[in-house]
Amino acid sequence: MPPHPEPQLLTGLAQVLAGLRDELIASPDPGSALFTLERLGHDVPRPADLAWAEALGTACGRAEVPLPGVFLSTGSGVQRLR
């Protein structure tokens, strides 16, 4: 994973999510996207972690796909970033 969100990667992700949107919304139990960033090191969120969480939220917003959360997983556990 790049250390910082790259615009073309996020545009591609938004396009993929938008392609799934109708299927997610039309199902009897509407779906959503959920992301977990995983890395080694301490559990204090780094600026790059927060930048990715924000960028993933923006990509889901563009695609109109619900995002219940973005999480950070480290050896110390899992925490919500967004």
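Following the working numbering, the numbering of the sequence shown begins with 4 at its first residue and continues without gaps.
Where is the CB? At the ideal position from N, CA and C, for every residue including glycine.
*Count the other CB atoms within 10 Å of the CB of L70; is the residue buried (16 or more) or exposed (fewer)?*
Flag for L70 reads buried.
*Close Cβ partners of P5 (< 8 Å) along its chain, the five nearest in sequence each way excluded*: Residues L12 of the same chain have their beta carbon placed closer than 8 Å to that of P5, with the five preceding and five following residues left out of the count.
*asked:* With DSSP as the reference, identify every bridge partner of L154, one or two as the case may be.
replied: No information on residue 154 is available, as it lies outside the stretch 4 to 85 that the chain covers here.
*Minimum C-alpha distance to R85 - residue among G78, S35, F74*: The shortest C-alpha separation from R85 is found at F74.
*Residue span of the beta strand (DSSP E) that contains G80, given as start and end*: 80–83 is the span of the beta strand (DSSP E), which, as asked, contains G80.
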